[in-house]
Amino acid sequence: RKTCFVERMLFCVSTELVDKCIGSRIHIVMKSDKEIVGTLLGFDDFVSIFLWKFKAITPEGRRITKLDQILLNGNNITMLVPGGEGPEV
Amino acid sequence: LDLSKYIDKTIRVKFQGGREASGVLKGFDPLLNLVLDGTIEYMRDPDDQFKLTEDTRQLGLVVCRGTSVVLICPQDGMEAIPNPFIQQQDG
Chain A
1 RKTCFVERML
11 FCVSTELVDK
21 CIGSRIHIVM
31 KSDKEIVGTL
41 LGFDDFVSIF
51 LWKFKAITPE
61 GRRITKLDQI
71 LLNGNNITML
81 VPGGEGPEV
Chain B
1 LDLSKYIDKT
11 IRVKFQGGRE
21 ASGVLKGFDP
31 LLNLVLDGTI
41 EYMRDPDDQF
51 KLTEDTRQLG
61 LVVCRGTSVV
71 LICPQDGMEA
81 IPNPFIQQQD
91 G
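Just so you know, the sequences run in chain order A and B.
The opening position of the first sequence corresponds to residue 1 in full-length UniProt numbering, with each subsequent residue numbered one higher.
The opening position of the second sequence corresponds to residue 1 in full-length UniProt numbering, with each subsequent residue numbered one higher.
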């Protein structure tokens, strides 16, 4: 399954890739040490703001906060890992 | 800017905020968003944010946001050199 995912990536980047991730788990790595794991609800292309249903947030202090729904500003996003587990706690 | 020469090659990417990662470039777009496969993130020393440690972690397939990318270079062909900025103190 992962191989098929990579092949799809050959033709689609950025928004198309994230679009395929809607409804499934995604792991977000911020510019700072914060990371987020949750279910992607949707995103906005121009404003780069992503909508999430969060399961956990793990800041650098290794605290876990669980939130239901948040709107995450895309300005500080560094990496998106579709299907990612997040950092080990 | 043409990144097609790096497709299917391993590249090293540095981000705003000090993160570094390397992976095989699978795709990119004009906004410099990148798709990397087999991504490894290099972890920084918690005491000195600018020093890399030996620690790495596997991330797999990731999308790197172009707004956060500050440097892209090939993983191969890099070697450590003595610090060229250290001034010699005379007298």
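Just so you know, even glycine gets a beta-carbon here, dropped at the ideal spot from N, CA and C.
Since the structure is predicted, the reported quantities are computational estimates derived from the model, not experimental observations.
For residue i, which residues from the same chain have a beta carbon less than 6 Å from its beta carbon, with the 5 sequence-adjacent residues on both sides left out?
i	result
HIS27(A)	VAL37, VAL81, GLY84 and GLY86
LYS31(A)	ASN76 and THR78
When the distance is taken between beta carbons, is residue j closer than 9 Å to residue i?
i	j	result
GLU20(B)	VAL29(A)	no
VAL62(B)	PHE15(B)	no
GLY23(B)	ARG44(B)	no
PHE43(A)	GLY74(A)	yes
Starting from the C-beta of residue i, find all residues in its chain whose C-beta is less than 8 Å away, skip the five residues before and the five after it, and write them out in chain order.
i	result
LEU31(B)	GLY66 and THR67
PRO74(B)	TYR6, LYS9, THR10, ILE11 and ARG12
GLY60(B)	ASP37, GLY38 and THR39
At the level of alpha carbons, what is the spacing between residue i and residue j?
i	j	result
ASP2(B)	ASP29(B)	10 Å
GLU36(B)	GLY77(B)	Here the sequence assigns Leu to residue 36(B), which means Glu is not the residue at that position. Taking the straight line from one Cα to the other gives about 19 Å.
LYS26(B)	GLN58(B)	17 Å
GLY38(B)	VAL13(B)	13 Å
LEU41(A)	ILE86(B)	51 Å
ASN33(B)	ILE72(B)	12 Å
CYS64(B)	GLN69(A)	23 Å
LEU72(A)	PRO84(B)	42 Å
ARG25(A)	ALA80(B)	39 Å
GLU35(A)	LEU67(A)	13 Å
Using 9 Å as the limit for Cβ to Cβ distance, is residue i near chain A?
i	result
CYS73(B)	no
PHE59(B)	First, the residue type needs correcting, since residue 59(B) is Leu and not Phe in the sequence shown. Chain A contact via Cβ: present.
THR39(B)	yes
Interface residues of chain A around residue i at Cβ under 7 Å?
i	result
ARG12(B)	Under the 7 Å cutoff, chain A gives no residues; its nearest Cβ is about 14 Å from ARG12(B).
SER22(B)	Within 7 Å Cβ-Cβ: nothing; SER22(B) doesn't reach chain A, min ~12 Å.
SER4(B)	Residues of chain A passing the Cβ test: none, with the nearest at roughly 12 Å.
Interface residues of chain B around residue i at Cβ under 9 Å?
i	result
THR39(A)	Chain B residues near THR39(A): none, gap ~17 Å exceeds 9 Å.
LEU80(A)	VAL62, VAL63, CYS64 and ARG65
So which residues on chain B does residue i lean against when the C-beta distance must stay under 8 Å?
i	result
SER32(A)	GLY17
Using a Cβ-Cβ cutoff of less than 7 Å, which residues in the same chain neighbour residue i once the five nearest sequence positions on both sides are dropped?
i	result
THR56(B)	ILE40, GLU41, TYR42 and MET43
Checking contacts by CB at 9 Å: is residue i closer than that to chain B?
i	result
LYS74(A)	Position check: residue 74(A) holds Gly in this sequence, whereas Lys was assumed. Yes, contact with chain B.
ILE77(A)	yes
GLY84(A)	yes
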